[in-house]
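Q: Position one of the sequence shown corresponds to residue 1 (the UniProt record's numbering), numbered consecutively onward.
Cβ atoms here follow ideal geometry from the backbone N, Cα and C, with glycine treated the same way.
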Amino acid sequence: MCQNISLQHFSICSQPGLICWEGSCHAVLLRKLEIALKDHQGDEAWETFKDIKRLYGFPSHSLVSRLITELSYSLNPCWLQKACDLVYSILKEKSDLLHSDSLTKLYLSLSRAQMPIPASMILRLML
Numbered sequence: 001m002c003q004n005i006s007l008q009h010f011s012i013c014s015q016p017g018l019i020c021w022e023g024s025c026h027a028v029l030l031r032k033l034e035i036a037l038k039d040h041q042g043d044e045a046w047e048t049f050k051d052i053k054r055l056y057g058f059p060s061h062s063l064v065s066r067l068i069t070e071l072s073y074s075l076n077p078c079w080l081q082k083a084c085d086l087v088y089s090i091l092k093e094k095s096d097l098l099h100s101d102s103l104t105k106l107y108l109s110l111s112r113a114q115m116p117i118p119a120s121m122i123l124r125l126m127l
């Protein structure tokens, strides 16, 4: 009945699903998001953001703005739609995190991508 349990799964804190022993998990996730944004790793940034939001709520204004900007620079309509969905989510839960500079970038990207409905919705938010 004795099971052999490997401790290797409890020593690394930067991978999903593992317990953090070194510092705060919140701090580790925030750092991971900062690095992903700095390195323009959209997938990693988005997944890390979702983890942070699920566990701790929205991160700081600057990280949210950087994430919206990073998603806005994508030419992929899927990422642009995620940026719009993020803006709508922030608007419902914590509207003070939204600032015109990141909304302007998102609006311009949506217009360039010929996504008129989301672009007009973002424009209405800005006005």
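Could you pull the start and end residues of the alpha helix (DSSP H) that Ala45 belongs to?
A: Taken as a continuous stretch (DSSP letters only), the alpha helix (DSSP H) holding Ala45 covers 42-56.
Q: Can you tell me which of Pro116, Leu97, Ala113 puts its alpha carbon nearest to the alpha carbon of His61?
A: Cα-wise, what sits closest to His61 is Leu97.
Q: From the DSSP output, in three-state form, read off Ala83 for me.
A: helix
Q: When DSSP labels each residue in this structure, what does Leu75 get in the three-state scheme?
A: coil
Q: From this set, Lys53, Asp101, Ala36, which residue's C-alpha is nearest Leu86's C-alpha?
A: Lys53
Q: Using the rule of at least 16 other Cβ atoms within 10 Å of the residue's Cβ for burial, across every protein chain shown, is Glu93 buried or exposed?
A: exposed
Q: Does DSSP put residue 128 in a helix, in a strand, or in coil?
A: Residue 128 lies beyond the residue range present for the chain, which begins at 1 and ends at 127; the question has no answer from this structure.
Q: Can you find a C-beta in chain C that's less than 9 Å from the C-beta of Thr48?
A: In the structure shown, chain C cannot be found, because there is only a single protein chain.
Q: Which residues mark the beginning and the end of the alpha helix (DSSP H) in which Lys105 is found?
A: 100-112
Q: Under the three-state reduction of DSSP, which class applies to Ser60: helix, strand or coil?
A: Residue state, collapsed to three classes: coil.
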